[in-house]
Amino acid sequence: MNHLILFSLASLIAIIYAIGQRNIYRIISFVFISQISLALFAFSIKNLLGYLYVLSILPPLLALMVISYIVAITSSAEIDRVEGLLSKMPVSTWTFITASIMVSLFPPFMPFILEHFIIEESLLLGQIAAVIVIILISIRVLTIICLFKTSHKVFFGTPSKLEVKEPKVAYIALILIILSIFLTFNPYFWNMAVSLGVTE
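And the structure:
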């Protein structure tokens, strides 16, 4: 039980740190740590659940890392110095937003479905169940705030006057998002979850 509390608190603390950062590298790094801690929590409950969560959450997390790298090299890593990149980098913008939706556990993507199973299993943890569920919900809310505040600051607002072009590496992030969507709607992925008992 102690390790479950440890992993859930590690995830919560990491996302709190992410919200307090002004550097896009650090923001996404702490989001990454938060989600990996959540995956370890899922592994601790049920191995398959953790495996599927990692498989579904890793592509959008890597996409966020790629886009944060693009923002840093084309303008600035400090989000207070950047805004309005939508007009200059539309692929990066919408890839970042789609990845943020996935990582923030919105439907219809697979991380959202798996979060349901994580919470369902957490309700069976006895005395600590209520605390764990509150922590999990807090992580989700704070992740939404962190990622969408960052995307609004960096990509929207006054159109950027910087002479920047969207680098080809942005399409790597886009491919990762397409992979994640493929996993979400892949019958084999669903059948594996059902056949191995995730939906029991």
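Just so you know, we're using this note's numbering here: the sequence shown kicks off at 46 and counts up by one.
For every residue, glycine included, the Cβ atom is placed at its ideal position computed from N, Cα and C.
Quick caveat: nothing in here was measured; it's all calculated off a predicted structure.
Collapsing the DSSP output to three states places residue 211 in coil. Taking residue 120 as the centre and dropping the five residues before and after it, the same chain places the C-beta of 126, 127, 130, 205, 207, 209 closer than 8 angstroms to its C-beta, in chain order. Straight through space, the alpha carbons of residue 191 and residue 203 are spaced by roughly 21 angstroms. If you ignore the 5 residues before and after residue 89, its C-beta comes within less than 8 angstroms of the C-beta of 48, 49, 52, 95, all in its own chain and listed in chain order. Annotated as distal: residue 116 and residue 215, with beta-carbon spacing of 8 angstroms or more. Counting only residues of its own chain and dropping the five nearest sequence neighbours on each side, residue 160 has a CB closer than 6 angstroms to the CB of 150. Taking the Cα of residue 81 as reference, the smallest distance to any Cα among 237, 66, 60 is reached at 60. With a cutoff of 8 angstroms on beta-carbon distance, residue 163 and residue 187 are scored as not near each other.
Residue 77 counts as buried, since no fewer than 16 other beta carbons sit within 10 angstroms of its beta carbon.
Per DSSP, reduced to three states, the secondary structure at residue 123 is strand. The straight-line gap separating the alpha-carbon atoms of residue 107 and residue 221 is approximately 7 angstroms.
Membership of residue 138 in the alpha helix (DSSP H) is indicated by the continuous run 135-148. Listed in chain order, the alpha helix (DSSP H) runs fully inside the segment 74-128 are 92-119, counting runs of at least 4 residues.
In this chain, residue 67 is not harboured by any alpha helix (DSSP H), its DSSP state being neither H nor E.
At least 8 angstroms separates the beta-carbon of residue 144 from that of residue 69. In chain order, 94, 95, 98, 163 place their CB closer than 6 angstroms to the CB of residue 87, counting only its own chain and leaving out the 5 sequence neighbours on each side.
Our two residues, residue 175 and residue 139, have alpha carbons roughly 36 angstroms apart in a direct line.
For residue 198, the uninterrupted alpha helix (DSSP H) segment begins and ends at 174-200.
Put simply, the backbone Cα of residue 65 is about 22 angstroms away from that of residue 105. A check of alpha carbon separations from residue 212 across 101, 112, 91, 62 identifies 112 as the nearest. Rounded to the nearest angstrom, the Cβ distance from residue 177 to residue 170 is 6 angstroms, consistent with a contact under 8 angstroms.
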